[in-house]
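Using the numbering used here, the first residue of the sequence shown is number -13, and each one after it goes up by one. Glycine is no exception: its CB is placed at the ideal position from the N, C-alpha and C atoms.
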Amino acid sequence: MISRRAILGRVFLDPTAVIYGASVIGDESYIGGFTVIGFPTRDTLKSILARRISVGEGKTEYYSIGEGAKIGDECVVRTHVTIYERASLGRRVMVGHGVLIRENTLIGDDTLIGSGSIIDGGVTVGNNVNIQSDVYIPPRVIIKDRVFIGPRAVFTNDRYPPSRRLVETIVEEEAVIGANSTIIAGVKIGRGAVIAAGSIVTRDVPERVVVAGNPARVIMTRDEYEAKKARYEAE
-13 MISRRAILGR VFLDPTAVIY GASVIGDESY IGGFTVIGFP TRDTLKSILA
37 RRISVGEGKT EYYSIGEGAK IGDECVVRTH VTIYERASLG RRVMVGHGVL
87 IRENTLIGDD TLIGSGSIID GGVTVGNNVN IQSDVYIPPR VIIKDRVFIG
137 PRAVFTNDRY PPSRRLVETI VEEEAVIGAN STIIAGVKIG RGAVIAAGSI
187 VTRDVPERVV VAGNPARVIM TRDEYEAKKA RYEAE
């Protein structure tokens, strides 16, 4: 089902995909099977219920409600992805299978989002970011350009859950976050820092250092890390 308000460029659109509201999909993009683009937020769904809009064959009004999502040119959105209204993807974004992207999320150009990941709304992701599979990113997280996030990394946004106070977490450019790391709410990870796999980050991480452990502590510099990486790759 495609909203009558949607604007579609030259798109490959699987017939099982659903496009809600005023969604915009750019040229040369691929939208896979059983994807949902522009899914209504809770407030929009409440308005639908209040207006007693019916859903069924030939009923298009329901699908046309909402602000929709924006998908840039040359994006690939694979099967079983749900992207909420007011989410925006830049150009050449690659989205894996079963990804959830909630409302008010902004994703830059040339970014990859691995299968099963959840970007839980109110998140900013920069350009050329590589998010591997099964990563969880909650509201109020800012990820800047050229960051790598390994599989099953988890960010948090409150220090005493569940809490009404959500705090901002920032990952600066070119940082590397290893698999299964946990980033506690409110920290800032410096430019070019490396978080070793399985670490729990409880405080700010300076630029261009490597931290590891629980709680994560500095174990070397980024230069030392790159030297070890070069030797490893030369073997």
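Buried or exposed, going by whether 16 or more other CB atoms sit within 10 Å of the CB of residue i?
| i | result |
| --- | --- |
| T142 | buried |
| A216 | exposed |
| V204 | exposed |
| E158 | buried |
| G178 | buried |
| L(-1) | buried |
Rounded to a whole number of angstroms, what is the C-alpha to C-alpha distance between residue i and residue j?
| i | j | result |
| --- | --- | --- |
| P201 | R189 | 9 Å |
| E43 | R194 | The predicted model places E43 with a pLDDT of 48, which falls under 50 and marks its position as unreliable; any figure quoted below should be read in that light. Straight-line Cα distance between these residues: approximately 57 Å. |
| D59 | L92 | 15 Å |
| G112 | D95 | 7 Å |
| G107 | N90 | 6 Å |
| T265 | S149 | This structure cannot settle anything about residue 265, because the visible part of the chain is limited to -13 through 221. |
| S(-11) | E212 | 50 Å |
| V81 | R138 | 16 Å |
Can you tell which of the options has its C-alpha closest to the C-alpha of residue i?
| i | options | result |
| --- | --- | --- |
| V10 | K56, V191, G107 | K56 |
| Y6 | G102, A73, V109 | A73 |
| N114 | G107, I69, P124, V162 | V162 |
| C61 | G(-5), P148, P26, V121 | G(-5) |
| P26 | Y49, S15, I135, G76 | Y49 |
| S119 | R145, V85, R151 | V85 |
Hey, does residue i have any beta-carbon neighbour from chain B nearer than 8 Å?
| i | result |
| --- | --- |
| M206 | Annotation note: the requested chain B is absent from the structure, which comprises a single protein chain. |
*Pick out the complete alpha helix (DSSP H) segments inside the stretch 96 to 175, 4 residues or longer, and give them in chain order.*
none
*Only counting runs of 4 or more residues, tell me where the alpha helix (DSSP H) segments fall wholly within the stretch 1 to 73, in order along the chain.*
28 to 36, 47 to 50
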